[in-house]
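If you read the sequence shown in UniProt numbering, its first letter stands for residue 1, the second for the next number, and so on.
For every residue, glycine included, the Cβ atom is placed at its ideal position computed from N, Cα and C.
Notes for the one structure printed next.
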Amino acid sequence: MAPVFCEAVLEKGRAKDGRDVCPWNELNSSFTRNLELFMDKSVVLIGESRMRHLYDYLVRVISLRDMNAPYERYHSDAHSYFEKSNVTLAFHWCPYPDDCVRNVTKSWMRTNSTPQYVILGVGIYSAAVNVSPSPLKTFSENLHRTFAHFSKLPSVTLIWVEILPVTRKWAYNRGRPEDRAAAIPLLKKMRTAANHIAANHSVPVWRSAFTAAHKHRDFFTDGIHFNNNLLQKVACLLLGAIGRTNC
């Protein structure tokens, strides 16, 4: 049986009783409480740079590293284990929901080393780097196959990150200018399609992260990435969702 999670926190950032689990005015204390519930968890984040930043943020918090150091840019995998809390965190660089993701899961199946939770957040590359003549169709078909593949891993809880927003000042340096101009409306279509595909596969959607980012675009550093304030908010929501077996 797959590990449980608090769907109410994923959906609205609130427990079933309506209580905000990560209020801005109590974010430090809420984050600390949720972090304590994170013990004995194994979590893998798969996606692009924003999933990488979330992974790096959690690693810094748990390992008490410098929170003000700049975030590294790497297009590779990372893994951390924290013995004191028995927490395993990993990141896999897969900017598209294609064979990259499925190959990661196949390696788990070969080695019998599946994590408890997988947080999948992709979409921005599919919208901004239009290598496909029909990016929405290609993205949707790949995502459908990826979700179907995860059904072979019943012990894993897969959580789909509602495609996170970008701003008009988006400092993305990939693709042609006309592709970048079309990326924001294309992202909206992909967001709707992805949520529908997730529902068809009974994959929970992490909507509260999108809501937090959408409401606080002033906390974006370059039009796409989050500063530490917003990273703490999003990380707190994740910890609150998968750390609470009874919310």
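Item: Residue nearest to V44 in terms of C-alpha spacing, selected from A90, A209, A127; Value: A90
Item: Of the listed residues L231, G240, L237, nearest to Y71 (C-alpha basis); Value: L231
Item: Span separating the alpha-carbon of L120 from that of V161; Value: 6 Å
Item: Counted within 10 angstroms of its Cβ, other Cβ atoms place A171 as buried (16 or more) or exposed; Value: With a pLDDT of 43 at A171, under the threshold of 50, the modelled position of that residue is not reliable, and no figure is offered here.
Item: Close Cβ partners of Y74 (< 8 Å) along its chain, the five nearest in sequence each way excluded; Value: R52, W93
Item: Assigned exposure category for G18 - 16 Cβ within 10 Å defines buried; Value: exposed
Item: Neighbour-count burial assignment, L64, 16 or more Cβ in a 10 Å radius; Value: exposed
Item: Three-state class that DSSP yields for S42 in the structure shown; Value: strand
Item: Contact set for A78: own chain, Cβ-Cβ below 6 Å, skip 5 residues either direction; Value: F91
Item: Element boundaries [beta strand (DSSP E), containing residue 252]; Value: Because the chain here runs from 1 to 247, residue 252 falls outside it and cannot be looked at.
Item: Residue interval of the alpha helix (DSSP H) (run including L120); Value: First-last for L120: 117–121, but that is the beta strand (DSSP E), not the alpha helix (DSSP H).
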